[in-house]
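Chemist: The listed protein sequences derive, respectively, from chains V and L.
Each position in the first sequence, counted from 1, maps to that position plus 1 in the numbering used here.
Each position in the second sequence, counted from 1, maps to that position plus 4 in the numbering used here.
Note that CB positions come from ideal geometry on N, CA and C, so glycine has one too.
I am attaching a structure below and will ask some questions about it afterwards.
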Amino acid sequence: MKSSVITFPGSNCDRDMDVALKKFGFKNKMVWHADAELPKSDLVVLPGGFSYGDYLRCGSMASKSKIMQSVINFANSGGMVMGVCNGFQILVETGLVPGVLLRNKYLEFICKNVFVKINDKKNKYFKNVDNEVLEFHIAHNEGNYFCTQDQLKEIEDNNQIAINYCDENGKIEDQFNPNGSIKNIAGIFNKEKNVLGMMPHPERMIDTSLSGEDGSLFFKNLINNLK
Amino acid sequence: MKISVIITLKKDVLDPQGKVIHQTLDGMGFDDVNEVRQGKYFEIDTKETDNDKAKAKVDEMCKKLLANLVIENYKIIDPQ
């Protein structure tokens, strides 16, 4: 399986993602934002970080960079595209997934482990994951998911919510919502579910001695689903 | 020609920064403030000399980059 991680000026989780993808068997290539062509890929990842210093709106500049036209074409033709953290912010700015990510409700940068409940397994990202709840890491200032009421209805009707913030038992309640996101949304799909944007970082949970292994579950499962 | 753009958050979008500014103003003694909403202001200096054409271009810029229409409104101010 071939993957590509796009590096934008200011990306800082691109190499972590590279390590994670390779650890679970992807042949990964790093792709520079100013390139025009994507290498042949089964999965394209937009990594976390602070592309273009978060100027204007997080992800807005990166969403207009040269490589993104290829990424958008790839996604529109059914290719798997995953955006994590700043990558999620870039995805919403391209319009590939609905909504926006606002400043966290209590104006603080949040850096901690969270639990997320998998809302939908009829997709290549979460199909066959045994767990209902995964422990991932979040580190963001703008992760407060927002969309219009019409969009929310559409998202729910199409079952596009991927993961919700919850407690360790999978209870989705306001008190487990770290950033004020509508409906505790931590990740969302496009309509066809080949594009996934999420705030939590699975690539930070791939080593038991450093963090945890729910990211390992995620990546192992992902590569199997793509085979 | 210089064209200005003001971008504001839509009414139903939470503005935590505006809220904190409001609280701070309140603490400073400005206690008659009802609400503060924070926005953005741009000055775009363009080579275009035709007023309408320049405004149309800036309108396109707003739609494509400067504003996110899910949460923001924009207002183009006539060149002076």
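1. Taking 8 Å as the limit between beta carbons, can you name the residues of its chain near V:Ser5, skipping five residues before and five after?
2. Between which two residues does the alpha helix (DSSP H) carrying V:Ser217 extend?
3. For L:His26 and V:Phe219, I'd like the C-alpha separation in whole angstroms.
4. Does L:Leu29 have its Cβ less than 8 Å from a Cβ in chain B?
5. Give a yes or no on whether the minimum CB-CB distance between L:Asn115 and chain V is below 8 Å.
6. Going by the beta-carbon positions, is the gap between L:Val17 and V:Cys148 smaller than 8 Å?
7. Using a Cβ-Cβ cut-off of less than 8 Å, give me the residues of the stretch 63-86 of chain V that come near chain L, in sequence order.
8. Which residues, taken in chain order from the stretch 130-162 of chain V, show a beta carbon closer than 9 Å to some beta carbon of chain L?
9. For a cutoff of 8 Å on Cβ pairs, would you count L:Gln21 as touching chain V?
10. Compare the C-alpha of V:Ser78 against each of V:Glu193, V:Lys221 and V:Leu223 and name the closest.
11. Can you say whether V:Phe110 is buried or exposed, counting buried as having 16 or more other CB atoms within 10 angstroms of its CB?
12. Quick check on the burial criterion: 16 or more other C-beta atoms within 10 angstroms. Buried or exposed for V:Gln161?
13. Taking DSSP's pairing of strands, which residues face V:Thr8 in a bridge?
14. Measure the alpha-carbon distance for V:Asn129 versus V:Asn222 and round it to whole angstroms.
15. When you compare the CB of L:Val24 with every CB in chain V, is at least one pair closer than 8 Å?
16. Do you know how far the Cα of V:Glu214 is from the Cα of L:Cys66?
Modeler: Straight from the coordinates:
1. Asn29, Lys30, Met31, Val32, Leu39, Pro40, Ser42, Leu44, Val45 and Val46
2. Asp215 to Leu227
3. 43 Å
4. Protein chains in the displayed structure are V and L, and chain B is not among them.
5. Residue numbering for chain L in the displayed model covers 5 to 84; residue 115 of chain L lies beyond these limits and cannot be assessed.
6. no
7. Lys65
8. Asn145, Phe147, Cys148, Thr149, Gln150 and Gln152
9. yes
10. V:Glu193
11. exposed
12. buried
13. V:Trp33
14. 7 Å
15. yes
16. 43 Å
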